[in-house]
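Report on the structure given below.
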Amino acid sequence: MAYASLSSLMHTLEQLLQPNQRLVCASCIQPHVESARQSLCSLQFFLEDTTKEIKDTETLKVLEKRIGDVIYKVEDKVDSSLRSIIILADCREKRERACRSFYEELLKVEKEVYFLKKEVMLIEFRRHGSDRKELARTSSSSTRRINKTDESIKNINSDQLAEISYRSLKGRRFLIVIDDLWSNEAWDKMQRLFPDDKKKSRILLTTRLKYVADYVSCPEFPPHNMSFLTSDDSWSLFTERLFRKDPCPPQLEPIGKHIIQHCQGLPFSITVIAGLLGKVDPTRDNWKKVEENLNSFFGTVSEQCQTILSLSYRYLPQHLKACFLYIGGFPEDMEISVSKLIRLWIPELFVKPRSNKRLEVMAEEYLQDLIDRSLILAGTRRPDGRIKTCKIHDFLRQLCIRESPLDNFMHVLNDNDYTFSKDIDIYPRRVMLSCHVSHPEHGSGTTSTTRSLVFMSFFDKFSRQCPCSIIYNFKLLKVLDFSSIDYDFCRIIPELVHLRYVAANIEEAPSLTKLRNLRTIILRTIEKKDLDIPLEIWTMSDIRHLHLGWSVHMPNPLDAERHGIGEQPLFLNNLQKLALYSSPFEAEILRRTPNLNKLRVTIIDSTQWSDFLDCLFLLQGLETLDIRAAVSHGQRVLHRNIFLPNLKQLRLRFTSLAWEDMVVLANLPNLEVLKAHCGFIGTGWRLNENVVFQRLKYLRLEWEDVERWEAASDNFLMLEQLVLAMLFRLEEIPQSIGEIMTLKLIQIEYCGSTVETSAKKIQQEQESWGNDELQVRIIR
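Per the UniProt record's numbering, the very first residue in the sequence shown carries number 1; after that it's consecutive.
Structure (structure tokens):
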């Protein structure tokens, strides 16, 4: 993947130009770094432009392979030299020798990149396809007069073809079917072929791209979004293709339905299977053999589907190709956490920054683009409507696994793999492992070129020991995610000086002195004993995501300043997300992290509550807040002057607030999601008419003591979902809740029968008024 490797190398060189890198990159070296960076930048722009224009995908593959091979070698040289300098930082003489060696390597790198740039710029692309060929295909398939492409058409220019097509349709009523349209520009060229004579003619077209469908459609005929076939529809399509008008023999039906299940509702794969089964005699024994060898059989089906599916990948913009292939590294049928996926995309440098948008927002747009291109499936959604999980169809995942090793982008080690494929002559930049990582063969071989090592598991924890050698061999790792492995990584992490992302378990606090590139840190303890992160954490000003599990403590920034560590005052201004376990320094920590977007905090000591609230006003950019407090027998107070203008999601656990404090929460102007688990104390909750949640869409109350709830529809102007869970004492839901115009769902989970009855009564009343959209869901 040439584009991804270019992004990674450019980022490394850009970091060398920062003021804090003077020890590594002296002023005499910087002009050479800048020269190489500019050449790489022009190559990246070149790839972006050619992907939009080139139609010869084979030429593009050769070009990308050539760029990737050179850039991989260059990046290996640069990263290896820089690692030597960082490791030898405490030994002046050796470090100076390493710096001289780096300078010599850099001169070679500058020259290699320069000649690569010249070589690429001289390549003349073979243009595949033209307007004439496209019109020829259109004309031959959409008119009655021209029914095949013959030798005479080859001598007709585009304008003549357009005129012939137009005249053949003029004055007629026609139905035109255009299959698999790829761009808005193609439609702009084609639509001039079709006269509009008010004859009620129709044009039906299919496309894999949502933006094309939106562009072509009109208000009277909006796009129809195709979904996967149901089991019944899948079976109907299968039998129609295989048996035509005849019914399926009864003895074959159970086997056939089991086979069709594995198509997951994809029409094309069902059609391919029908074609393959049509080549064997329809006997129970023959079909039983197919059923018993489904993996082999579906391998053949997948191969036949790949040609069609690969077009969707080939025509992806450069910045989306790596994102798509990366998703194929997750286990088959896994509901992929979008937040984790984005956390991994960002340190991989797949997401291109924009000055006016956070990287996380850009990444969500990338994912939505892949969904709109029918490559990724949206799974569950969050209460605010954003995508929480996503999936990839098995055939598309196979496409990713097939494409990824071709240019050493990624290799997926599945459960039955014991070592890297022998077909891969250069080890891949990324390795995605499944459950069986304990085999000693996994640690064998040279793995110095690998930059990302990610362990994927369906389970939160995978209690299996991991051999040290599997990590120690990966000297140049930039992404390490082994959080599902119960193994102590505290001695391994400090050796991986290029790390941008680490998610792992530890028994001792690791040294962070030489880990200047870290952007994401996720650390948990194995034994649940208290650990203090080193003071150096406060010098890592580029950190964006910091998640410390139970018993892992953030140090006091005042102590770091007293020890003279880093440039003072110490602030983590780039930190976007922070998960913080109880600390006596919580207030001071929050003062030093003013740009947080998401905060999850655990408060054990009740004396910290007031100081914590005092600091919240500093976090004006905060959008998500999750507070977990220690169980208290007393009542906590929520300050009336708390104002967080951008807060959208709030979760309260064991906070023991008074119901009257809902007034404070109602004053949060952009609050959309409110969840409370033992968040409030008291048997009565009464909302006065002046308490109005302006934007609240989702309200979940769980394990609360409330018995009586008084509210009107005007208290919740935009509420869409109300979820009540385990409210055993609640007598009923206020009847006026049903009058909220935006309400779509009332969900009752393990509550009393009177609450269920009141929910059904609300639904019945709304139905009597013609509102059939309100759903009531009872979970017992």
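In this text, a Cβ means the ideal position worked out from N, Cα and C, and glycines have one as well.
Given the structure is predicted, the values throughout are model-derived calculations rather than measurements.
- Straight through space, the alpha carbons of L580 and R592 are spaced by roughly 13 Å.
- In the DSSP assignment, A579 falls outside any alpha helix (DSSP H) and lies within the beta strand (DSSP E) extending over K577 to L580.
- When the beta-carbon positions are compared, V497 and L82 come within less than 9 Å of each other.
- In the DSSP assignment, T520 forms a beta bridge with Y501 and H545.
- Leaving aside the five residues that flank I371 on each side, the residues in its chain whose CB is nearer than 6 Å to its CB run, in chain order, A378.
- Under DSSP, H553 forms a beta bridge with D532.
- Exclusion of the five residues before and after P223 leaves A213, D214 and S217 as the residues of its chain whose Cβ lies within less than 7 Å of its Cβ.
- Contact between L252 and P282 holds: their C-beta atoms lie close to 6 Å from each other, under 8 Å.
- DSSP, reduced to helix, strand and coil, places K279 outside both helices and strands of the structure shown, so it counts as coil.
- Its chain contains Q635 and S656 as the residues whose beta carbon lies nearer than 6 Å to that of I681, once the 5 sequence neighbours on both sides are disregarded; these appear in chain order.
- Here DSSP, grouped into helix, strand and coil, assigns C390 to strand.
- From the listed residues Q306, H258, N473 and T525, the smallest Cα separation to Y487 is found for T525.
- According to DSSP, residue pairing for K598 in a beta bridge involves K577 and T624.
- Separation of the CB atoms of R500 and N473 is rounded to 19 Å, and the pair is thereby denied contact status at 8 Å.
- Assigned with DSSP and collapsed to three states, Q18 falls in coil, not helix or strand.
- Restricted to the segment 74-134, the alpha helix (DSSP H) segments that are unbroken, complete and at least 4 residues in length are 92-121, listed in chain order.
- If you ignore the 5 residues before and after S8, its C-beta comes within less than 6 Å of the C-beta of L349, all in its own chain and listed in chain order.
- Within the same chain, and ignoring the five residues on either side of Y3 in sequence, the residues whose Cβ sits closer than 6 Å to its Cβ are L47 and Q318.
- Taken atom to atom, the span from the alpha-carbon of D714 to that of K598 is near 30 Å.
- The segment 686-704 makes contact with the segment 663-671, as at least three CB pairs between them are under 8 Å.
- Excluding sequence positions up to five before and after W703, its CB lies within less than 6 Å of the CB of H677, C678 and M726, all in the same chain and listed in chain order.
- The closest CA to that of E586, considering only A629, P569, I346 and E567, is found on A629.
- Three or more beta-carbon pairs separated by less than 8 Å link the segment 98-112 to the segment 67-85, which places the two stretches in contact.
- Non-local beta-carbon contacts of D394 in its own chain, meaning distances under 7 Å to residues more than five positions away in sequence, involve Q264 and E332 in chain order.
- Annotation: P494 to L480 spans about 12 Å, alpha carbon to alpha carbon.
- If the five residues before and after S269 are omitted, its C-beta is found closer than 7 Å to the C-beta atoms of C263, V301, C305 and F395, all from its own chain and listed in chain order.
- S339 sits away from R208, with the two beta carbons spaced by 9 Å or more.
- Boundaries of the beta strand (DSSP E) around K675: V673 to H677.
- A322: member of the alpha helix (DSSP H) spanning Q318 to I327, first to last residue.
- Taking I327 as the centre and dropping the five residues before and after it, the same chain places the C-beta of I392 closer than 6 Å to its C-beta, in chain order.
- When the Cα atoms are used, A322 and M1 turn out to be separated by approximately 7 Å.
- If you look at R241, you'll find it in the alpha helix (DSSP H) that goes S231 to F243.
- A direct Cα-Cα distance of roughly 21 Å separates C490 from P347.
- Excluding sequence positions up to five before and after K65, its CB lies within less than 6 Å of the CB of D407, all in the same chain and listed in chain order.
- Taking 9 Å as the cut-off, the Cβ atoms of L638 and L618 do not count as close.
- In the displayed model, Y487 falls within coil according to three-state DSSP, outside both helix and strand.
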